[in-house]
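>
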Amino acid sequence: MTQPRHPSPPPHVRKRSPLPWLIFAVLLVAAGIVFVPKLLNSDSADAAQPVAAAEQDPLLVAVSKCDPEKEGLELKSRNRQLVINGAGDKFPVGLSESAMTCVLDTLQVPGALSSRMYATVAADGQLQGDWPGFSVAWTHNTDKGLDLTVTRN
347 MTQPRHPSPP PHVRKRSPLP WLIFAVLLVA AGIVFVPKLL NSDSADAAQP
397 VAAAEQDPLL VAVSKCDPEK EGLELKSRNR QLVINGAGDK FPVGLSESAM
447 TCVLDTLQVP GALSSRMYAT VAADGQLQGD WPGFSVAWTH NTDKGLDLTV
497 TRN
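Numbering-wise (my numbering), the sequence shown opens with residue 347 and increments by one.
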């Protein structure tokens, strides 16, 4: 009688560990989580901010652009506060109305707030307002002019 033939055992195949691929996949996902948002935000960061916030120092820009002679603007508190002295009927030293408009436009003061500033009378005393990134306190007297203190938040 013949003995049944056993099939020969298959050659030894070495199994590869999935660990290197798993580590590679984890590193790839982690790199994507870190770098993709930075790449996406680098272009849109400038577009999402208002013009005044996009400037490196909006108060300094207002001084150099609107009052190069330094007649009515003064920076204080490490360039976080801008004191504005407007010219009046009896005290003509200070910013002219066109220079004041330049400052308000440069700092992007909302139209309703600037209208409120000009409508203020001496009897109202000191009033306050704010807009994104800034706050302001002001007094308005036709003799002394419109005086503002703008603070960057």
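Don't be surprised by glycine CBs; every beta carbon is placed ideally from N, CA and C.
Say whether the segment 415-426 touches the segment 468-486, bearing in mind that this needs 3 or more beta-carbon pairs closer than 8 Å, one atom from each stretch.
No, because fewer than three Cβ pairs between the segment 415-426 and the segment 468-486 fall closer than 8 Å, the two stretches do not touch.
> Determine the contact status of residue 434 and residue 493, defining contact as a CB-CB distance below 7 Å.
Translated into the one-based positions of the sequence shown, residue 434 becomes position 88. Translated into the one-based positions of the sequence shown, residue 493 becomes position 147. Contact: no.
> Would you list the residues sitting across from residue 431 in a DSSP beta bridge?
Numbered from 1 along the sequence shown, position 85 holds the residue referred to as residue 431. In DSSP, residue 431 forms a bridge with 493.
> Just to confirm the assignment, what range does the beta strand (DSSP E) spanning residue 475 have?
Numbered from its first residue, the sequence shown carries residue 475 at position 129. Where residue 475 is concerned, the enclosing beta strand (DSSP E) stretches over 473-477.
> For residue 413, count neighbouring C-beta atoms within 10 Å of its own C-beta (all shown protein chains included) and say buried if the count is 16 or more, exposed if not.
Working through the sequence shown from its first residue, we reach residue 413 at position 67. With 16 or more other Cβ atoms within 10 Å, it is buried.
> When the Cβ atoms of the segment 440-453 are set against those of the segment 401-410, are three or more pairs found closer than 8 Å?
Enough Cβ pairs lie closer than 8 Å, so yes.
> Do you know how far the Cα of residue 486 is from the Cα of residue 466?
Indexing the sequence shown from 1 puts residue 466 at position 120. Indexing the sequence shown from 1 puts residue 486 at position 140. C-alpha separation (whole angstroms): 6 Å.
> Can you give me the start and stop residues for the alpha helix (DSSP H) that residue 441 sits inside?
Walking along the sequence shown from the start, residue 441 turns up at place 95. Per DSSP, residue 441 belongs to no alpha helix (DSSP H) and is neither H nor E.
> So what's residue 419 in DSSP terms, helix, strand or just coil?
Locating residue 419 in the sequence shown gives position 73, counting from the first residue. Strand, per DSSP.
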